[in-house]
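According to our numbering, the residues represented by the sequence shown are 187 to 447, in order. Here is the structure we will look at.
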Amino acid sequence: MSKKVETYYYGNGRVFSRPFGTQGNGGWGWWGDISALSFGGTDETASHKESYSGQKSEVRSFSIGGERTLKLTAHQVDPDSLAQHLRGTVTEITAGTVTGELFPALVAVGDVIKLDKPYNVSDLVITDSSGAPVTLAPENYDLFAEHGSIELLSLPSAPALTQPLKAAYKQAGARQVAFFNSVPQLIQLRYEGINLAEGNAPVIAEFYKVSTTPLQEWALITSGNDLAGTSIDAKCLADSARPASGPLGRFGRYVAINPIQ
187 MSKKVETYYY GNGRVFSRPF GTQGNGGWGW WGDISALSFG GTDETASHKE
237 SYSGQKSEVR SFSIGGERTL KLTAHQVDPD SLAQHLRGTV TEITAGTVTG
287 ELFPALVAVG DVIKLDKPYN VSDLVITDSS GAPVTLAPEN YDLFAEHGSI
337 ELLSLPSAPA LTQPLKAAYK QAGARQVAFF NSVPQLIQLR YEGINLAEGN
387 APVIAEFYKV STTPLQEWAL ITSGNDLAGT SIDAKCLADS ARPASGPLGR
437 FGRYVAINPI Q
């Protein structure tokens, strides 16, 4: 009897996806840095206990279905990946110039104003509403330019300002993500990895029909030494277009690639 060769696994690699049903070999997009990817499943069973011995012994137990699941931790945080994980859409905001943006009808010292286009604001000028507009000096307010936020530190009494105040400024472009405003899409997932425990042997795992849930957690404020990651759960569904007994199966496949001869 031949001895079984020990084989271990320690994986790193890249994860790609494309819309389910995409034809041909193209259309794949890389997910960026994924620090964890795991696949598993549970079985739903039916069972029967006999009624003749007084012991109620289980005499039958068999599978009648189950769930196949994926869990991922993603570290790529950009508008496109967030839109994918939050069922959203990305909108491009162009850079521009704003004039005559009104403050609230009456503002006071200590108030914080959020500009309508708070994207790396520059060249800010605040004036009042008088016929000969008076400009509010920069020492009267703090500008947090990156986020378009203004805190009023003082208001001159001579000359007194005619409210409402108005803002004129330049703003940078931006990309924004609207949450949960698109229909959930099924995807096909592909993992291209290396097994570090076996000399960086290449492996592939494919999951043909995947339904992802929205990300489970996204840490907007972080501490410690670790970068933020987003936790994502998914279900592997059966691709009924594939033969159940075929070499690729209906759920997915794992490929251990042989060395070059």
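By construction, the Cβ of each residue, glycine as well, lies at the ideal position given by its N, Cα and C atoms.
Using three-state DSSP, classify L401 as helix, strand or coil. Coil, per DSSP.
Determine the direct distance from the alpha carbon of S247 to that of S237, and round the result to whole angstroms. Computed Cα separation, rounded: 15 angstroms.
Along the chain, where does the beta strand (DSSP E) containing L288 start, and where does it finish? Element bounds for L288: G282 to L288.
DSSP state of A383, grouped into three classes? For A383, the secondary structure class from DSSP, reduced to helix, strand or coil, is helix.
Beta-carbon within less than 6 angstroms of P370's beta-carbon, same chain only, minus the 5 sequence neighbours each way: which residues are those? Excluding sequence neighbours, P370 sits near R273.
At 3 residues or longer, and completely inside the segment 287-312: list those beta strand (DSSP E) runs for me, N to C. Runs of beta strand (DSSP E) with 3 or more residues, each lying fully within the segment 287-312, are found at 298-300, listed in chain order.
Start-to-end residues for the beta strand (DSSP E) that takes in A360: Per DSSP, A360 belongs to the beta strand (DSSP E) from A360 to A364.
In whole angstroms, what separates the C-alpha of G213 from that of L406? Answer to the nearest angstrom: the Cα atoms are 31 angstroms apart.
Beta-carbon within less than 7 angstroms of N381's beta-carbon, same chain only, minus the 5 sequence neighbours each way: which residues are those? Excluding residues up to 5 positions away in sequence, Y195, Y196, G197, A387 and V389 lie with their Cβ nearer than 7 angstroms to the Cβ of N381 in the same chain.
S188 to A260 span [Cα, whole Å]: Whole-angstrom Cα-Cα distance: 42 angstroms.
Is H261 helix, strand or coil when you go by DSSP? Three-state result, H261: coil.
CA-CA distance, S335 and V201? Going from the Cα of S335 to the Cα of V201 covers about 39 angstroms.
Suppose you measure from the CA of V326 to the CA of D412; what does that come to, to the nearest Å? This sequence places Asn at residue 326; Val is not what is there. Looking at the two C-alpha atoms, the distance is approximately 40 angstroms.
L256 - partner residues in DSSP beta bridges: Per DSSP, F225 and A420.
For S431 and K395, the rounded distance between their alpha carbons: Distance between the alpha carbons of K395 and S431: 17 angstroms.
In three-state terms, what does DSSP make of Q270? Looking at Q270 - three-state DSSP - the assignment turns out to be helix.
Buried or exposed for W216, please, with buried defined as at least 16 other CB atoms from any protein chain shown within 10 angstroms of its CB. Burial call: exposed.
Alpha-carbon spacing of T208 relative to F330, whole angstroms: A straight-line Cα-Cα distance of about 46 angstroms links T208 and F330.
Roughly how many angstroms lie between the CA atoms of L310 and V276, to the nearest whole one? Between L310 and V276, the C-alpha separation is close to 28 angstroms.
Could you tell me if D314 is buried or exposed, where buried requires 16 or more neighbouring beta carbons within 10 angstroms of its beta carbon? With a threshold of 16 other beta carbon atoms within 10 Å, D314 meets it and is buried.
What residue from A442, K300, P345 and V307 has the CA that sits closest to L322's CA? Nearest C-alpha to L322: P345.
Within 10 Å of its beta-carbon, does Q241 have 16 or more other beta-carbons around it, so buried, or fewer, so exposed? Classification of Q241: exposed, given that the 10 Å Cβ count is below 16.
Delimiting residues of the beta strand (DSSP E) encompassing T275: Looking at the DSSP string, the run of the beta strand (DSSP E) that includes T275 is T275 to I279.
Quick one: measure Cβ to Cβ for A427 and S397, integer angstroms, because I've assumed they're closer than 8 angstroms. So it is not a contact: roughly 16 angstroms between Cβ atoms.
Close beta carbons around P445, own chain, < 8 angstroms, minus the five adjacent residues each side: Hits under 8 angstroms: A387.
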